[in-house]
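Taking it in order: structure first as structure tokens, then the write-up.
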Amino acid sequence: MKENIKLRVSQIEKSFPGVKALDKIDFTVKKGSVHVLCGENGAGKSTLMKIINGIYQPDNGQIYIDEKPVRINNPIQARNLGISMIFQEMNYVPEMTVEENIFLGNLPINKFGNVNWKEVRQRTTELLKAENLPYSPTTLLKDLTVSDIQMLEIIKAISYKSEIIIMDEPTSAITLKEVEKLFVKIGELKARGVCIIYISHKLDEIFQIADEITVFRDGTVVDSRPKEEWDIEAVIAMMVGRKLTNKYPKEQIELGEDMLQVEGLNCTNVYHDINFHARKGEILGFAGLMGAGRTEVMRSLFGLDAKTSGFIKINGKEVTIKNVEQSIENGMVMLSEDRRRYGIIPMRSVKENTTISYLKKFFYGFRNHKKVERSVVSDMFSKMKVKTPTIDTAIASLSGGNQQKVLLSKWMIRNPDILILDEPTRGIDVGAKFEIYKLMTELAKEGKVVIMVSSELPELIGMCDRIYVMAKGTITGEISREDFSQELIMKYATGTTTVNGGE
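Okay, structure coming up:
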């Protein structure tokens, strides 16, 4: 019924240089409903949402709110129309406080025309208390985890009291407990008549909250139905245009001797007594809840953060790693969990983002050998299936999944022996995940070590040879493949089971 439709877009088109991102899109969202958008990275989902939020302008087509035509020129105008958006790539200023980030662009003004900081503090405190977030309004965002920042982005969008909320991968960086809280909040918003457009690659979770599901592929809507008319296999097949019969292309590989040994690694008040090893050809997993210390250990291995004590051995030889350069020289590289903050250089091209890790490969004889550089990048992008109009396109214009594949390409041109992949499939569609899993398998077959840090237990179980589990800054368990189970991993992750089996 038309009177129940809150948002409608008709015949929306959008092109960028070299690619048509959206082709005659028709899409409706009903009041008090959750409409889920699915599709591979680059399918056009985020582009449509940015048009609805006023970041992009459509080439053709019309947007209707309450069946009235509107033109949305910028995000402030969108907010005035009752639209707010949680972005896949989190928008925050690390040097600003929690309260400044929440009210950035929406600061309350007093009768004298000055910012009403008292109101900012009061409203921030109320929001943090309502969501049980345990930090101060004056905490700097650079001192928070990715998970904390994601929760702040969510409450910031909700704080606008919008009637249309766009959630682009809102659970990509938060814990299961926080996901449950978000779903409760979504239920409350629905009950108030708010409509939610929800984008996620976690297909199991979308069936918990969706009322309707629309699938995008190559800039078009290929199907849209009520949730009851879908199942996960049908959604995947519609997204990728084919059936994926094996989600995890894990192969049995004969493991070699230890390539990496970590002994007695400590960092005061962060992690302690970290001991583990990884063999040639092994895909080694690290599991644990947010705040367990997994990322902090990996950052120390890569030379991003200092360790207090401990030893790192590569191929039996103790190595000194005090900075990233020393780690790379020893054949160890790391893909960060936060690609926006530690990965991409947004305004540089995908080519430059790829070759920056190994410039001396292309600069010799007192000049830049551009033909060689372009050839290497093009070959790598073909192997990694990176979707980009050209290799000179700014990386910021790519989808999150394609940005991730560019960052993987950056390290692959160095041919490292040890790859630390921290949440490598975060915010990536099932097809792109499969490609990354295949790459991990190929690297293992070459005798390399792949360390996979992930919050998604199914992919750890599907891809790893062994899994170490961390809790409260220490390793609480080591599990062999034949003993893998989500229940056992969670027991170690919550500290109810220890390495020695004690309860």
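Residue numbers for the sequence shown follow the working numbering, beginning at 1 and rising by one.
Here a beta-carbon is modelled for each residue, glycine too, at the ideal position from N, C-alpha and C.
None of the values given here were measured: they were computed from a predicted structure.
Status (buried if at least 16 other CB within 10 Å, exposed otherwise) for residue i
i, result
"residue 407", "buried"
"residue 73", "exposed"
"residue 351", "buried"
"residue 502", "Note that residue 502 has pLDDT 44, beneath the 50 cutoff, so the model's placement of it is unreliable and the number below is only indicative. Classification for residue 502: exposed."
"residue 339", "buried"
"residue 309", "exposed"
"residue 480", "exposed"
"residue 500", "Reliability fails at residue 500, whose pLDDT of 47 lies under 50, so the model's placement of it is uncertain and the value that follows must be treated cautiously. Under this definition residue 500 is an exposed residue."
"residue 213", "buried"
"residue 347", "exposed"
"residue 297", "buried"
"residue 1", "Below a pLDDT of 50, predicted positions are generally treated as unreliable, and residue 1, at 49, falls in that range; no measurement from the model is reported."
"residue 294", "buried"
"residue 199", "buried"
"residue 437", "buried"
"residue 114", "exposed"
"residue 273", "exposed"
"residue 359", "exposed"
"residue 187", "exposed"
"residue 58", "buried"
"residue 112", "exposed"
"residue 16", "exposed"
"residue 353", "buried"
"residue 47", "buried"
"residue 368", "exposed"
"residue 372", "exposed"
Beta-ladder partner(s) of residue i, from DSSP
i, result
"residue 30", "5"
"residue 10", "62"
"residue 38", "215"
"residue 474", "471"
"residue 86", "167"
"residue 319", "312"
"residue 480", "466"
"residue 197", "35, 166"
"residue 179", "In DSSP, residue 179 forms no bridge with anything."
"residue 25", "12"
"residue 109", "115"
"residue 140", "97"
"residue 394", "349"
"residue 363", "368"
"residue 19", "16"
Extent of the continuous beta strand (DSSP E) run through residue i
i, result
"residue 69", "68 to 70"
"residue 168", "164 to 168"
"residue 416", "Counting along the chain, residue 416 falls outside any beta strand (DSSP E), and DSSP gives it neither H nor E."
"residue 96", "Segment: none, residue 96 is in no beta strand (DSSP E) and carries neither H nor E."
"residue 347", "Note, residue 347: premise wrong, no beta strand (DSSP E); not H, not E."
"residue 451", "449 to 453"
Opening and closing residue of the alpha helix (DSSP H) in which residue i lies
i, result
"residue 423", "Looking at the DSSP string, residue 423 is not in any alpha helix (DSSP H), and its letter there is neither H nor E."
"residue 125", "117 to 130"
"residue 333", "Careful: residue 333 lies outside any alpha helix (DSSP H), inside the beta strand (DSSP E) at 332 to 335."
"residue 380", "370 to 384"
"residue 80", "75 to 80"
"residue 50", "45 to 52"
"residue 325", "324 to 329"
"residue 205", "203 to 209"
"residue 434", "430 to 445"
"residue 493", "486 to 493"
"residue 295", "294 to 301"
"residue 342", "339 to 342"
Meets three-Cβ-pair contact criterion under 8 Å: the segment 117 to 124 and the segment 161 to 172: Note that the segment 117 to 124 does not touch the segment 161 to 172; fewer than 3 beta-carbon pairs, one per stretch, sit closer than 8 Å.
Cβ contact check for the segment 271 to 285 and the segment 458 to 471: 3 or more pairs under 8 Å: With contact defined as three or more Cβ pairs closer than 8 Å, the segment 271 to 285 and the segment 458 to 471 are in contact.
Sufficient close CB pairs (3 or more, under 8 Å) joining the segment 394 to 411 to the segment 180 to 192: In this structure the segment 394 to 411 does not lie against the segment 180 to 192, because fewer than three pairs of beta carbons, one per stretch, are closer than 8 Å.
contact_flag[the segment 99 to 116, the segment 137 to 157] where n(CB pairs < 8 Å) is 3 or more: The segment 99 to 116 makes contact with the segment 137 to 157, as at least three CB pairs between them are under 8 Å.
Inter-stretch contact at 8 Å, needing at least 3 Cβ pairs: the segment 329 to 337 / the segment 298 to 306: Counting C-beta pairs closer than 8 Å gives three or more between the segment 329 to 337 and the segment 298 to 306, which meets the contact rule.
Length-filtered (4 minimum) alpha helix (DSSP H) runs lying within the segment 217 to 290: Residue ranges of uninterrupted alpha helix (DSSP H) with 4 or more members, entirely inside the segment 217 to 290 and ordered along the chain, are 232 to 240.
Contact between the segment 418 to 429 and the segment 321 to 333 (3+ Cβ pairs under 8 Å): Yes, they touch.
Cβ contact (3+ pairs, closer than 8 Å) linking the segment 141 to 153 and the segment 61 to 69: No, the segment 141 to 153 is not in contact with the segment 61 to 69.
Contact the segment 122 to 131 vs the segment 187 to 207: 3+ CB pairs below 8 Å: Between the segment 122 to 131 and the segment 187 to 207 there are fewer than three C-beta pairs closer than 8 Å, too few to call the two in contact.
Three-pair Cβ contact test at 8 Å for the segment 445 to 452 versus the segment 219 to 230: Cβ pair count under 8 Å is below three, so no.
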